[in-house]
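Data block below; observations after.
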Amino acid sequence: MMSKVNHAEENLQAGPWPFVTLRHETRGGRRLLWRARDHRKGLFRQRRALEHVRAPAWQTALYNWIMGLVFVIGASLFMAGSAMALFPKIGAGLPAWTTNVTFFIGSIPFTTAAYLQLFQAANADQTAAGSGVRPKLFGWSPNSPGWLSASTQFIGTVAFNFNTFDAINTPKGWVAQDLAIWTPGMIGSVLFLVSAYLAYIEVGHAHLSRPRRELGWWIAAINLAGCVAFMIASTLAYVPRHGVSAVVMDISNANLWFGAFCFALAAALSMREARHAGDNAAA
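Read in order, the letters of the sequence shown correspond to residues 12 to 294 in this note's numbering.
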């Protein structure tokens with residue numbers, strides 16, 4: 012963790028190297044607190060002396076709430092697909108492709124919500140509505156762990172779109188299956204893990220932080236746990252030359268279900284956190 016103090020202005024900034032995710036400063040005799048995640052999502056605007064400035068649409072409580080809801084929908088569909096894969100009796104009587112189609116449909120809300128998050132991060136510095144500045148569609152902020160997290164997650168969700176779509180009509184042969192299904196799944200899982208860790212250090216202001224009484228920290232930590240589970244699931248989904256055993260597939264699907272559960276829980280908590288965003292936010 013790095014920190015820098017300016018004694019003349021009583022300013023302090025800190026964060027996990029090479030990022031700055033926390034600033035304390037005194038402005039006009041008022042003590043202000045800037046945190047990267049709050050700044051990105053429009054949370055606790057009064058802490059940055061923005062309580063009298065109308066928030067842009069992407070930093071409102073409604074935007075954050077809808078984004079969380081879309082993530083919940085995608086994660087819930089992945090939980091349903093994993094459950095059907097683990098317990099085939101759940102889908103008894105349904106077409107054989109039902110499980111894989113459920114995964115693909117679930118990947119669409121994931122990508123939608125991930126883009127909403129990327130758009131929000133790309134325009135994090137526009138803290139006032141009606142500024143006349145054209146919003147950025149993707150942006151470029153490599154010094155921001157929040158933007159890096161959102162962009163890697165978005166690319167990861169696109170990889171899962173390919174992964175789940177290709178699985179609907181599973182190609183023949185283990186090589187074709189690994190190229191069409193396992194490879195994009197692994198790419199998506201690696202990007203999810205990178206994204207989750209960046210979000211974790213953004214809110215914890217350190218490369219490793221202890222649990223704290225802060226909803227944002229728990230959202231990031233739970234999401235990180237879900238990405239670890241997804242990584243395990245994707246790794247085990249590799250199809251070797253002589254096929255994969257039923258036990259390994261069950262372990263993979265169990266991790267997939269748990270990962271999706273973590274995503275749903277983190278997203279639900281973010282919906283609650285949304286009340287602290289935008290104008291007239293809860294303190």
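Just so it is clear, CB atoms sit at the ideal spot from N, CA and C, and this is done for glycine as well.
- What distance in whole Å lies between the Cβ atoms of Asp-189 and Val-255, which are believed to be in contact at a cut-off of 8 Å? Val-255 to Asp-189, Cβ: 10 Å. No contact.
- Report all residues from its chain with a CB closer than 7 Å to the CB of Lys-147; omit the five preceding and five following residues, and keep chain order. Ala-133, Asn-134
- Item | Nearest residue (CA-CA) to Arg-286, options Thr-122, Arg-56, Ala-210, Phe-121 | Arg-56
- Name the residue from Ala-217, Glu-284, Arg-65 whose alpha carbon lies nearest to the alpha carbon of Gln-137. Arg-65
- How is the alpha helix (DSSP H) around His-50 delimited, first residue to last? 47-52
- Message: Assuming Gly-196 and Ala-248 are in contact, meaning their beta carbons sit under 8 Å apart, how far apart are those beta carbons, in whole angstroms?
- Response: 6 Å
- In angstroms, rounded to a whole number, what distance separates the CA positions of Met-260 and Gln-24? 47 Å
- Query: Can you tell me the Cα-Cα spacing of Asn-154 and Ala-178, whole angstroms?
  - Reply: 37 Å
- Item | Length of the line joining the Cα atoms of Ser-206 and Asn-172 | 17 Å
- Select from Gly-157, Thr-109, Thr-32 the residue whose C-alpha is nearest the C-alpha of Phe-149. Closest by C-alpha distance to Phe-149, out of Gly-157, Thr-109, Thr-32, is Gly-157.
- Item | Pairwise C-alpha distance: Met-78 and Ala-275 | 12 Å
- Query: Is the beta carbon of Trp-76 less than 7 Å from the beta carbon of Met-242?
  - Reply: no
- Message: Does Val-214 pass the burial test, meaning 16 or more other C-beta atoms within 10 Å, or should it be called exposed?
- Response: buried
- Residues near Leu-202 in its chain [Cβ-Cβ closer than 8 Å; skip 5 each side]: Thr-163, Gln-164, Ile-166, Gly-167, Ala-170
- Query: Straight-line CA distance for Trp-228 to Trp-28?
  - Reply: 18 Å
- Which partner residues of Glu-36 appear in the DSSP bridge assignment? Leu-43
- Determine the closest residue to Ala-140 out of Arg-252, Asn-180, Gln-70, Ala-277, with distance taken between C-alpha atoms. Gln-70
- Task: Just the C-alpha distance for Trp-45 and Val-144, rounded to the nearest angstrom, thanks.
- Result: 22 Å
- Item | Status (buried if at least 16 other CB within 10 Å, exposed otherwise) for His-253 | exposed
- Give the straight-line distance between the Cα atoms of Glu-36 and Ala-271, rounded to the nearest whole angstrom. 39 Å
- Is it true that the stretch 86-97 meets the stretch 261-270, where meeting means three or more beta-carbon pairs spaced less than 8 Å apart? With a cut-off of 8 Å on Cβ pairs, the stretch 86-97 is in contact with the stretch 261-270, counting three or more such pairs.
- Item | DSSP-derived helix/strand/coil call for Ala-288 | strand
- Message: Any beta carbon from chain B within less than 7 Å of Asn-111's own beta carbon?
- Response: No chain B appears in the structure shown, which is made up of a single protein chain.
- Message: Using a 10 Å radius around the Cβ and a threshold of 16 neighbouring Cβ atoms, would you call Val-16 buried or exposed?
- Response: Reliability of the predicted coordinates at Val-16 is poor, the pLDDT of 42 falling under 50, and the value obtained from them is presented with this limitation in mind. Exposed, by the Cβ-count rule.
- Query: Ends of the alpha helix (DSSP H) at Thr-194?
  - Reply: 194-215
- Message: So for Ser-256, helix, strand or coil by DSSP?
- Response: coil
- Message: Looking at the secondary structure, which residues open and close the alpha helix (DSSP H) in which Tyr-74 lies?
- Response: First-last of the alpha helix (DSSP H) with Tyr-74: 72-97.
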